[in-house]
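> Sharing a structure with you now.
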Amino acid sequence: MKKTILIIDDDLDMCNLLSRFLTRKGFDVDVAHSGAKGIARFKEKTYDIVLCDFRLGDKDGKDILLEIKAMSPKTIVLIITGYSDIKTAVDVIKLGAYDYITKPLIPDEVVNVLNEALSHPEEVAPHLSQSSGSQKSGTRKQVVLNNEYLVGEAGATQELYKQIEIVAPTNYSIILYGESGTGKEVIAKTIHSLSDRADKPFVAMD
Numbered sequence: 001m002k003k004t005i006l007i008i009d010d011d012l013d014m015c016n017l018l019s020r021f022l023t024r025k026g027f028d029v030d031v032a033h034s035g036a037k038g039i040a041r042f043k044e045k046t047y048d049i050v051l052c053d054f055r056l057g058d059k060d061g062k063d064i065l066l067e068i069k070a071m072s073p074k075t076i077v078l079i080i081t082g083y084s085d086i087k088t089a090v091d092v093i094k095l096g097a098y099d100y101i102t103k104p105l106i107p108d109e110v111v112n113v114l115n116e117a118l119s120h121p122e123e124v125a126p127h128l129s130q131s132s133g134s135q136k137s138g139t140r141k142q143v144v145l146n147n148e149y150l151v152g153e154a155g156a157t158q159e160l161y162k163q164i165e166i167v168a169p170t171n172y173s174i175i176l177y178g179e180s181g182t183g184k185e186v187i188a189k190t191i192h193s194l195s196d197r198a199d200k201p202f203v204a205m206d
């Protein structure tokens with residue numbers, strides 16, 4: 001049975017191009033060119049995946065994400081944006097998005113993300129599987145808090161802890177900025193230790 005996808009994006013050319021590509025890949029695809037139309041379509045039909053632009057003319061991507069998750073917690077939501085901003089990525093993942101894709105979109109990479117999401121449904125709605133989700137999150141948090149070089153209770157430090165926990169298990173490319181001696185390598189090692197590549201060597205280069 002074909003997997004159903006709803007694309008919500010006000011970029012008509014990109015939307016139609018991606019729709020045709022995904023249809024050729026065997027997906028059942030519908031499109032909506034505004035947030036309101038996207039929500040209306042979602043109410044009419046059940047979708048396995050929603051690809052939603054973060055910045056639409058009539059609605060914010062976060063609002064659409066929340067509406068979709070309220071109606072169907074198991075639906076996979078991927079946020080599309082041209083703004084490669086880690087804060088945005090952290091925010092939408094906290095709110096329940098499966099992943100975050102930056103423009104320009106590379107169709108083959110989008111398909112890879114879709115297939116990965118469909119093969120790991122337990123990561124879509126962690127609150128529906130409290131035991132495994134809580135254990136995974138708790139383990140990451142413990143690794144961060146047990147790091148003797150990461151110390152602090154200030155708001156900025158707590159936010160750093162949260163960002164490490166969120167980005168570590170993803171495939172994002174991460175740039176760490178800071179003066180010499182501020183702990184960039186410590187953060188990099190912590191992210192590595194929490195990633196899926198933790199059993200691989202960590203290589204530091206000057």
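Position 161 (the sequence shown) corresponds to 161 in the working numbering; numbering is contiguous.
Beta carbons are placed, not taken as given, at the ideal position from N, Cα and C, and that holds for glycine.
Just so we're clear, the structure is a prediction, and the values are computed from it rather than from any experiment.
1. Is it right to say Val-54 is buried, meaning 16 or more other beta carbons lie within 10 angstroms of its own, or is it exposed?
2. Would Asp-10 pass as a contact of Gly-57 if the rule is Cβ separation under 8 Å?
3. Would you mind stating whether Val-50 and Ile-39 have Cβ atoms separated by less than 8 Å?
4. Pull the bridge partners of Asp-99 from the DSSP assignment, please.
5. For Thr-4, which residues does DSSP report across the bridge?
6. Decide if the region 73-80 is in contact with the region 100-113; the criterion is three or more beta carbon pairs, one per stretch, under 8 Å apart.
7. Identify the continuous alpha helix (DSSP H) that holds Leu-209 and give its terminal residues.
8. Mind checking who Asp-60 pairs with in its DSSP beta bridge?
9. Is it the case that the Cβ atoms of Ile-101 and Val-111 are separated by a distance below 8 Å?
10. Below 8 Å on the Cβ atoms is my guess for Arg-41 versus Leu-6; work out the distance and round it to an integer in Å.
11. Is the beta carbon of Asp-48 sitting closer than 8 Å to the one on Ile-93?
12. Where Lys-2 and Pro-201 are concerned, what is the direct C-alpha to C-alpha distance, given to the nearest angstrom?
13. Give me the Cα-Cα distance between Lys-43 and Ser-72, rounded to the nearest whole angstrom.
14. Under the three-state reduction of DSSP, which class applies to Ser-180: helix, strand or coil?
15. Nearest to Thr-46 by alpha carbon, out of Asn-115, Asp-28, Tyr-177, Ala-204?
16. How is Tyr-161 classed by DSSP in three states: helix, strand or coil?
17. For Lys-25, which residues from the same chain have a beta carbon less than 7 Å from its beta carbon, with the 5 sequence-adjacent residues on both sides left out?
18. Could you tell me how far apart the beta carbons of Lys-62 and Asp-91 are, in whole angstroms, since I believe they sit closer than 8 Å?
Looking at the atomic coordinates:
1. Checking the sequence shown, residue 54 turns out to be Phe, not Val. Per the 10 Å Cβ criterion, buried.
2. yes
3. no
4. Leu-78
5. Answer is Asp-28.
6. Contact between the region 73-80 and the region 100-113 is present: three or more C-beta pairs spanning the two stretches fall below 8 Å.
7. Since the displayed the chain opens at 1 and closes at 206, residue 209 lies outside it and no answer follows.
8. Under DSSP, Asp-60 forms a beta bridge with Arg-55.
9. no
10. 6 Å
11. Taking 8 Å as the cut-off, the Cβ atoms of Asp-48 and Ile-93 do not count as close.
12. Put simply, the backbone Cα of Lys-2 is about 40 Å away from that of Pro-201.
13. 10 Å
14. Residue state, collapsed to three classes: coil.
15. Looking at the Cα atoms, Asp-28 is the closest of the given residues.
16. If DSSP states are grouped into helix, strand and coil, Tyr-161 belongs with the helices.
17. Val-111
18. About 7 Å separates the two Cβ atoms, so the contact holds.
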